[in-house]
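Each residue of the sequence shown is one higher than the last, beginning at 2 in this note's numbering.
A quick write-up on the structure given underneath.
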Amino acid sequence: MPIPVRLIAGRPATILIAVLLQACARATPTPVPAPAAPPLVVPAPVVQPPITVSPVPAAPPAPAAADTARTDWHRLDYDSDRVLGVGSERALRELLAGRQPQREVLVAVIDGGIDTAHTYLRGRLWRNAREVAGNGRDDDANGYTDDVWGWNFMVTPSGQAVGAETFELTRLYAACRGTGAGRGLARPSAARCDTIATAYRDKVDEVTGTLGQIRSIERVLAQVTSALEGPVGAPLTRSTVQAFVPTNAQQEQARRTWLQLDANGLGPASIADARKAYESQATHGLDSSYFPRAVNARGSADVTGPDAGHGTHVAGIIGAERNPANAMMGIAPNVRLMALRAVPDGDERDEDVARAIRYAVDHGAQIVNMSFGKAFSPNKAAVDSAVRYAQSKGVLLVHAAGNDGENNDVVPSFPTPALSNGTRATLWLEVGASSWKGTSRLATAFSNYGQQQVDLFAPGEDILSTVPGGGVKREDGTSMAAPVVSGVAALLLAYFPRLTPADVRDIIVQSVRTFPGLTVALPGSEGQQVPFASLSRTGGLVDAYAAVKLALQREALRP
């Protein structure tokens, strides 16, 4: 599924519930003390795991973070801007000044759809030059009729784009019980079905419990907002509420609760989004009789679908028009974005992911961004086959690690670089999410990690990018971190035409910024401290500036 749907302000359900309970407790009439500031983490010397990286200077501890991230923070540079972004703007400004991109780079975005009318994106979209739009014919004889911007692999029996879908766990549970959602899946063994039934019941408890908490906090927010809007004025903002001097205990409690919720990103819009997402999960994701798909359907040319919010955001991070007058810009110049819709509001199906990867490869993509993931993969063999096909054609796959605060070495988030034949995909980058809030909080609380399965981290919190309807919005998640890496890879391919995607992967991995001795809170934990270097294979953060510098060095050595 599109990874951020499990989050409010980038928090997995377990962390969200704790925040909600804390906020609800603070809404009681009894005054409670303000929360203490988190302790300052001073990195202690630790033994780093043996890794091979190019000599990139480690950043010293960052100054205290401001309340709000800069809108372009993920593209900024620590050494020049004091922000732990990727340094892509500095690389363009200093290292690539006077140079022009030497080729156009095609990035396939396998996601929930892209708003093809967005003014920041429409000029950067890939167009199938051999297809005539709207004539109802397969002009290029590729098996896809009117695939001008890409393809939508998910349609209903009436030919409409699929919106809500089930969880893969629900489909397996249905296959065990012989109900509709399990259509097309072989019935698992009896022992396997017992395990699946337990996991399904746990998932029901998780979704319904979290939905109840979301509804509770929505009521709390409505109460404290009502209490404050009279004396403070509407609309409430953090600055106006902070400046407000309460005149009674009720106002003091309302002020404190409102600020606590705001500090955790729990505003009306984020809560409404989360309620909508969890209501869909409760209604459709867990429905063992729900099967929205047309059987054996090829798909449709509708690459936008009913909700293109996630895919539009991802696409903008990679390649939105680089116009300084716009509210945001993409990382990579001279990029084209191929829209491949294979991710519904629910878990994507393995067959759709495999077909989307193959379509991207066959139509010239050099990079494939995959900002989605799920806990089960019953037809992993089909996806693995497509991954090996992409690898044989030299195409780089970039995948978001997931937002459950889990160790991917232990709990996989599919698809994975670990293939079923015991090998690991070599043209693959698995990406965790980093924060702008200083080195002690470098790993976000929600990001998955893994010293064997996750390659590196990249900015993934408070990322401003495009949304349907022509606007922009901040979003959190490894779904945002993956396109940051895809954007850096596309930048390198655009300016260094002799590099292959395999070369680019090597350069990105070898040029990460490392942080010797730095300890951070283990994502998903209650503050357990671990070396940042232990959270990924490289132990580092993607660094576009260092990557461009390394590419220039390699270029100088070639005859």
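Cβ atoms here follow ideal geometry from the backbone N, Cα and C, with glycine treated the same way.
Here the structure is a predicted model, which is why all the values come from computation and not from measurement.
At which residues does the alpha helix (DSSP H) containing Gly-312 begin and terminate?
310-320
Could you compute how far the alpha carbon of Val-505 sits from the alpha carbon of Ala-490?
6 Å
Distance CB(Ile-319)-CB(Pro-484) smaller than 9 Å
yes
Pick from Asn-380, Pro-345, Glu-219 that is closest to Ser-372, judged by C-alpha positions:
Pro-345
CA-CA distance, Gln-452 and Ser-281?
34 Å
Fully enclosed by the segment 387-417, which alpha helix (DSSP H) runs are 4 residues long or longer?
none
Ala-59 to Pro-532, Cα distance in whole Å?
For Ala-59, the predicted structure reports a pLDDT of 39, less than 50, and the residue's modelled location is therefore unreliable. The matter cannot be settled from this model.
Straight-line Cα distance separating Asp-353 from Glu-407:
25 Å
Rounded C-alpha distance that separates Leu-287 from Gly-266:
27 Å
Across the segment 255-266 and the segment 148-162, are there enough close Cβ pairs to call them in contact, namely three or more that are closer than 8 Å?
no
Quick check on DSSP: helix, strand or coil for Phe-533?
helix
To the nearest angstrom, how far is it from the Cα of Thr-539 to the Cα of Thr-515?
8 Å
Between the C-alpha atoms of Tyr-121 and Ala-522, what's the straight-line distance to the nearest angstrom?
37 Å
Cutoff 6 Å; reference Ala-355; Cβ partners in own chain excluding five residues on either side:
Ala-383, Val-384, Ala-387
Identify every run of the alpha helix (DSSP H) within the segment 500-556, keeping only runs that are complete inside it and at least 4 residues long; order them along the chain.
502-511
Do the segment 183-190 and the segment 391-402 touch if we need at least three Cβ pairs shorter than 8 Å?
no
When DSSP builds the beta bridges, which residues end up paired with Arg-425?
Ala-419
Smallest Cα separation from Arg-100: which of Met-481, Ala-495, Ser-537, Ala-545?
Ala-495
Contacts around Pro-46, its chain only, beta-carbon distance under 8 Å, and the 5 residues preceding and following it disregarded:
Here the model assigns Pro-46 a pLDDT of 28, short of 50, so the residue's position is not dependable and the matter cannot be decided.
Between Ala-459, Pro-469, Trp-150, Ser-441, which lies nearest to Asp-477 when the distance is taken from Cα to Cα?
Ala-459
Looking at the structure shown, is Pro-498 part of a helix, part of a strand, or coil, going by DSSP?
coil
Thinking just about the alpha-carbon of each residue, which of Gly-137, Ala-182, Val-543, Ser-537 is nearest to the one in Asn-409?
Ser-537
Name the DSSP bridge partner or partners of Leu-338?
Val-108, Leu-126
Nearest to Gly-86 (by Cα), restricted to the options Ala-547, Lys-474, Ala-328, Ala-223
Ala-547
Just to confirm, is the Cβ distance from Gln-454 to Ala-402 under 9 Å?
yes
Can you tell which of Ala-223, Ser-227, Leu-107, Pro-236 has its C-alpha closest to the C-alpha of Gly-365?
Leu-107
At which residues does the alpha helix (DSSP H) containing Lys-474 begin and terminate?
Not the alpha helix (DSSP H): Lys-474 falls in the beta strand (DSSP E), residues 472-476.
Given that a residue counts as buried once 16 or more other Cβ atoms are within 10 Å of its Cβ, and exposed if not, what is Thr-69?
exposed
If you reduce the DSSP assignment to three classes, tell me which class Gly-231 lands in.
helix
Identify, in the order they occur along the chain, each residue of the same chain with its Cβ nearer than 7 Å to the Cβ of Ala-333, setting aside the five sequence neighbours on each side.
Val-106, Ile-319, Gly-320, Gly-488, Ala-491, Leu-492, Ala-495
Between Arg-193, Phe-447, Thr-171, Ala-192, which lies nearest to Gly-183 when the distance is taken from Cα to Cα?
Thr-171
Taking buried to mean at least 16 other C-beta atoms within 10 Å of its own C-beta, is Arg-559 buried or exposed?
exposed
Extent of the continuous beta strand (DSSP E) to which Thr-467 belongs
464-468
Between the CA atoms of Ala-545 and Leu-97 - distance to the nearest angstrom:
12 Å
Any alpha helix (DSSP H) of 4 or more consecutive residues that is wholly inside the segment 269-296:
269-281
How big is the Cα-Cα spacing for Ala-557 and Ile-508?
15 Å
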